[in-house]
Amino acid sequence: MATSIIGHLDADCFYVSCERVRFPGLKGKPVGVLGNQGACIIAKSYELKAKGVKTGWPIWDAHKLCPEAIYVKRDFYWYEELSRQLVETVRQASPTVEYYSVDELFFDAGPLLKSRGREGISDLQKEILKETGIPVSIGISLSKLLAKLASDSAKPFGIDVAVTEDEIQALLKGKPVGDVTGIARQRRKTLNSRGIFTCDQFVKADRRLIRKLITKNGEDIWWELRGVSVLPIATSRPPHKVVARGGSVGAATADRLRIEAWIIRNIERLTDALEHHGYVCDKLGLMLGYKDGTGSYGTAVLLGPTAYFEHLAPIARELFETGYKTGKKVHYMHLIAERIQFKKDAQTSIFQKEPEKSLTGTANFVNRHTGRFSVRSAATLPLTDIYRDDANEYDICDIYGKTCF
Ligand SMILES: [Mg+2]
22 MATSIIGHLD
32 ADCFYVSCER
42 VRFPGLKGKP
52 VGVLGNQGAC
62 IIAKSYELKA
72 KGVKTGWPIW
82 DAHKLCPEAI
92 YVKRDFYWYE
102 ELSRQLVETV
112 RQASPTVEYY
122 SVDELFFDAG
132 PLLKSRGREG
142 ISDLQKEILK
152 ETGIPVSIGI
162 SLSKLLAKLA
172 SDSAKPFGID
182 VAVTEDEIQA
192 LLKGKPVGDV
202 TGIARQRRKT
212 LNSRGIFTCD
222 QFVKADRRLI
232 RKLITKNGED
242 IWWELRGVSV
252 LPIATSRPPH
262 KVVARGGSVG
272 AATADRLRIE
282 AWIIRNIERL
292 TDALEHHGYV
302 CDKLGLMLGY
312 KDGTGSYGTA
322 VLLGPTAYFE
332 HLAPIARELF
342 ETGYKTGKKV
352 HYMHLIAERI
362 QFKKDAQTSI
372 FQKEPEKSLT
382 GTANFVNRHT
392 GRFSVRSAAT
402 LPLTDIYRDD
412 ANEYDICDIY
422 GKTCF
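Just so we're on the same page, our numbering is the position in the sequence shown counted from 1, plus 21.
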């Protein structure tokens with residue numbers, strides 16, 4: 022088997038960089054991008070980071086540390102636009118690309134590195150900056166996880182090539198195992214308890230012990246970090262197990278009409294996502310998170326596979342009626358489509374007739390021409406404040422195409 026050479030590309034403070042493309046005046050200044058409801062910082066520039074401001078902080082705390090900072094509202098639609106340009110530019114240099122997240126991708130770096138060496142990678146970095154205006158860091162190594170560690174250590178606007186044994190050892194030396202994708206808190210604790218704290222300790226550990234401690238998945242990580250590629254570059258997205266839409270509802274509320282409005286809004290987003298992927302589902306779940314830290318979760322099996330608003334909305338309402346603990350303030354929610362299959366493969370149920378003129382289809386048709394949510398259910402009227410603000414039109418999960426581990 023030929024050795025694979027994999028590149029990992031990670032945009033530097035992507036959301037801020039996107040804002041700087043359209044507002045060049047923000048360059049070199051401390052900038053924060055604000056999330057839902059415009060209160061919390063979801064992304065920051067290196068200048069803001071240098072002041073000690075952390076992601077997730079409310080704007081008023083950040084203001085105390087850095088009163089001169091400039092804050093902008095998120096615009097995922099714009100970020101996706103630039104994300105696509107980024108992918109296209111990389112595709113010119115390497116046709117094998119995995120769109121991993123909105124600002125990260127993997128690509129086959131073998132041909133480029135063999136023909137043009139490090140200079141070829143550096144030219145790609147310059148080309149991306151010229152074409153999209155986005156600074157990126159690039160890591161090149163023998164596996165996806167090594168490439169990701171390499172790009173991480175190259176930030177900002179750097180390149181790290183770790184393909185020889187010495188280069189790989191230098192990359193792993195002293196690096197906390199928790200820095201590796203796939204080793205989150207629980208696994209890190211388990212490894213730490215056996216005296217494994219760093220990546221170099223991890224790769225020297227016995228393979229069978231790693232498998233015993235953190236499963237087959239952990240063994241894959243072990244191989245990857247030793248430079249044996251076991252996680253291939255995925256150029257097409259695997260079908261989902263579930264598709265979910267939801268998130269925070271802003272200020273927590275026990276107002277039934279308002280909660281129901283959020284449910285219907287999320288059903289509209291969900292049917293939009295199902296239609297986009299060509300999916301139908303035959304099970305629906307509603308998860309409600311309450312302000313007091315408790316929650317409720319219920320599911321219902323549908324009469325047959327569907328992606329229609331007129332089928333899913335009444336079921337969602339029923340789940341709300343039966344599952345909601347009256348009086349509790351709802352903080353966030355998720356609407357979850359389960360048992361997904363491609364519509365073209367699905368057997369439609371005789372009990373659940375295909376609507377002759379589907380509301381979903383008609384609304385989506387109009388919205389595609391006039392803007393997201395311009396036609397929407399009247400049940401969402403209590404959320405006029407949310408719809409009035411364009412920044413709420415797209416959420417990060419409404420951006421299609423990316424894959425996740
Ligand atoms: Mg990034």
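Glycine included, C-beta positions come from ideal geometry on N, C-alpha and C. Just so it is clear, the structure is predicted and the values come from calculations on it, not from any experiment.
Helix, strand or coil at residue i [DSSP, three-state]
i: L163; result: coil
i: V264; result: strand
i: F426; result: Low per-residue confidence applies at F426: pLDDT is 30, beneath 50, and the placement is therefore not dependable enough to give any value.
i: P177; result: coil
i: D187; result: helix
i: L55; result: strand
i: F44; result: coil
i: F330; result: helix
i: S250; result: coil
i: E125; result: strand
i: I242; result: helix
i: A130; result: coil
i: Y415; result: coil
i: S395; result: coil
i: S214; result: helix
i: T24; result: coil
i: S379; result: coil
i: T202; result: coil
i: P88; result: coil
i: T219; result: strand
i: S136; result: helix
i: V182; result: strand
CB of residue i within 8 Å of CB of residue j, strictly
i: V74; j: G53; result: yes
i: I161; j: G248; result: no
i: L246; j: V201; result: yes
i: T256; j: E119; result: yes
i: T381; j: F330; result: yes
i: P403; j: L309; result: no
i: P51; j: K72; result: yes
i: D406; j: P177; result: no
i: A337; j: L356; result: yes
i: N385; j: D293; result: yes
i: I80; j: A60; result: yes
i: L252; j: E125; result: no
i: S250; j: S25; result: yes
i: N57; j: G271; result: yes
i: L69; j: R95; result: no
Integer Cβ distance of residue i from residue j, believed to fall under 8 Å
i: D303; j: L333; result: Not really, about 11 Å apart at Cβ, beyond 8 Å.
i: L291; j: V264; result: 7 Å
i: A400; j: I285; result: 4 Å
i: I27; j: I254; result: 7 Å
i: V37; j: I155; result: V37 to I155, Cβ: 10 Å. No contact.
i: I235; j: T211; result: 6 Å
i: E152; j: T110; result: 5 Å
i: Y98; j: Y415; result: 5 Å
With 16 other Cβ atoms within 10 Å as the buried cut-off, status of residue i
i: Y345; result: buried
i: V351; result: buried
i: H390; result: exposed
i: Y318; result: exposed
i: K237; result: exposed
i: R266; result: buried
i: S395; result: exposed
i: R206; result: exposed
i: E40; result: buried
i: D187; result: exposed
i: S164; result: buried
i: D411; result: exposed
i: V387; result: exposed
Cross-strand partners of residue i (DSSP beta bridge)
i: S158; result: D31
i: K304; result: V322, E359
i: G310; result: G316, Y353
i: N274; result: At residue 274 the sequence reads Thr, which differs from the Asn that was named. DSSP, once it has assigned bridges, lists V351 as partnering T274.
i: C61; result: P79
i: K94; result: L55
i: Y120; result: L126
i: S269; result: Y353
CB contact below 8 Å: residue i versus chain C
i: Y36; result: Within the model displayed, chain C is absent; a lone protein chain is all it includes.
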